[in-house]
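Q:
Number of protein chains: 2
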Amino acid sequence: MLIDFGKIENTAIKEFKGGKNITNIRMFVDSNNKIMSGKLESDSSIGLHTHQTNSEIIYILSGKGRVLFDGEYEELTAGSCHYCPMGHSHSLINNSDSDLVFFAVVPEHNIK
Amino acid sequence: MLIDFGKIENTAIKEFKGGKNITNIRMFVDSNNKIMSGKLESDSSIGLHTHQTNSEIIYILSGKGRVLFDGEYEELTAGSCHYCPMGHSHSLINNSDSDLVFFAVVPEHNIK
Numbered sequence: 069m070l071i072d073f074g075k076i077e078n079t080a081i082k083e084f085k086g087g088k089n090i091t092n093i094r095m096f097v098d099s100n101n102k103i104m105s106g107k108l109e110s111d112s113s114i115g116l117h118t119h120q121t122n123s124e125i126i127y128i129l130s131g132k133g134r135v136l137f138d139g140e141y142e143e144l145t146a147g148s149c150h151y152c153p154m155g156h157s158h159s160l161i162n163n164s165d166s167d168l169v170f171f172a173v174v175p176e177h178n179i180k
Numbered sequence: 069m070l071i072d073f074g075k076i077e078n079t080a081i082k083e084f085k086g087g088k089n090i091t092n093i094r095m096f097v098d099s100n101n102k103i104m105s106g107k108l109e110s111d112s113s114i115g116l117h118t119h120q121t122n123s124e125i126i127y128i129l130s131g132k133g134r135v136l137f138d139g140e141y142e143e144l145t146a147g148s149c150h151y152c153p154m155g156h157s158h159s160l161i162n163n164s165d166s167d168l169v170f171f172a173v174v175p176e177h178n179i180k
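Just so you know, the protein sequences line up as chains A and B, in that order. To get this note's numbering, take the position in the first sequence, counting from 1, and add 68. To get this note's numbering, take the position in the second sequence, counting from 1, and add 68.
1) Could you check where the beta strand (DSSP E) with residue 69 of chain A kicks off and where it finishes?
2) When you compare each of A:94, A:136 and A:70 to residue 81 of chain A by their alpha carbons, which one comes out closest?
3) What are the boundary residues of the beta strand (DSSP E) that residue 82 of chain A is part of?
4) Quick one: is residue 95 of chain A near chain B, going by C-beta distance under 8 Å?
5) For residue 169 of chain A and chain B, any beta-carbon pair shorter than 8 Å?
6) May I ask you to list, following chain order, the residues of the stretch 69-81 of chain A that have a beta carbon less than 9 Å from some beta carbon of chain B?
7) Counting along the chain, where does the beta strand (DSSP E) carrying residue 172 of chain A start and finish?
8) Indicate whether at least one CB of chain A lies closer than 8 Å to the CB of residue 92 of chain B.
9) Under three-state DSSP, which class holds residue 102 of chain A?
10) Does the distance from the CB of residue 131 of chain B to the CB of residue 163 of chain B come in under 8 Å?
11) Would you please state the rounded distance, in angstroms, between the beta carbons of residue 169 of chain A and residue 125 of chain B? I believe it to be under 8 Å.
12) Does the structure place the stretch 99-111 of chain A close enough to the stretch 140-155 of chain A that three or more beta carbon pairs sit under 8 Å?
13) Nearest to residue 110 of chain A by CA position, among A:153, A:175, A:167 and A:76, is which residue?
14) Would you say residue 141 of chain B faces chain A, with C-beta separation under 8 Å as the test?
15) Just tell me which of B:139, B:165, B:122 and B:83 has its CA closest to the CA of residue 114 of chain B.
16) For chain A, find out if any of its Cβ atoms is closer than 8 Å to the Cβ of residue 101 of chain B; answer yes or no.
17) Quick check on residue 209 of chain A: buried or exposed, where buried means 16 or more other Cβ atoms within 10 Å of its Cβ?
18) Hey, is residue 177 of chain A's beta-carbon within less than 8 Å of any beta-carbon in chain B?
Printed below as a string of structure tokens:
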């Protein structure tokens with residue numbers, strides 16, 4: 069099946085997961101996966117959170133930023149792939165002057 | 069953690085899953101996810117296969133092609149996102165004159 073993000077309403081979330089300013093998300097959800105097209109605005113972040121039953125894979129489409137992953141910063145640019153395995157925590161940060169645009173998947177791993 | 073596909077060796081697979089010609093894959097694997105950077109060459113395909121315990125999410129980075137999903141064709145271009153939920157089958161086809169470049173995740177959903 070095709071997921072047409074252009075037909076999924078954008079949600080502008082303020083201070084997502086305790087982060088800063090605005091995260092824009094278009095999200096498809098079923099019981100196994102969250103599949104997202106995201107745009108983190110300049111000087112915005114998704115707050116630090118732990119993936120308990122799932123993981124997250126983020127592919128950067130454009131812009132620059134960084135993740136705080138298990139206490140260390142990792143720099144991101146177009147083509148970067150960040151992986152937060154199950155049980156780990158991360159925060160996505162746009163400390164640049166332009167949008168950070170990404171594609172992300174949050175798969176559930178403990179479905180019986 | 070960062071997955072640097074530039075540091076992962078490319079594997080050129082002939083007739084991948086019974087498909088046609090050449091699929092190029094750089095893959096990170098752990099027990100929960102396969103995370104891939106792929107390039108399907110012109111006139112190549114990944115053969116029809118079913119995702120029994122996992123799903124697959126494919127994001128098209130450049131090029132054109134199509135998937136055969138549950139018996140129907142879906143057209144792909146840059147920015148397209150194809151989702152094959154667990155229990156379904158698909159085939160990825162490059163019927164164009166240039167490479168089909170994609171990012172893909174195969175998450176496992178039945179880990180105890």
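Even for Gly, the Cβ is constructed at its ideal location relative to N, Cα and C. Just so it is clear, the structure is predicted and the values come from calculations on it, not from any experiment.
A: Put simply:
1) Looking at the DSSP string, residue 69 of chain A is not in any beta strand (DSSP E), and its letter there is neither H nor E.
2) A check of alpha carbon separations from residue 81 of chain A across A:94, A:136 and A:70 identifies A:94 as the nearest.
3) 79-82
4) no
5) no
6) Along the stretch 69-81 of chain A, the positions whose C-beta sits under 9 Å from a C-beta of chain B are 69, 70, 71, 72, 73 and 74, read in chain order.
7) 168-175
8) no
9) strand
10) no
11) Actually they are not in contact, since the Cβ atoms of residue 169 of chain A and residue 125 of chain B sit about 17 Å apart, beyond 8 Å.
12) no
13) A:167
14) no
15) Checking every option, the nearest Cα to that of residue 114 of chain B belongs to B:83.
16) yes
17) Past the boundaries of the shown model lies residue 209 of chain A; chain A is included only from 69 to 180, so the question cannot be answered.
18) yes
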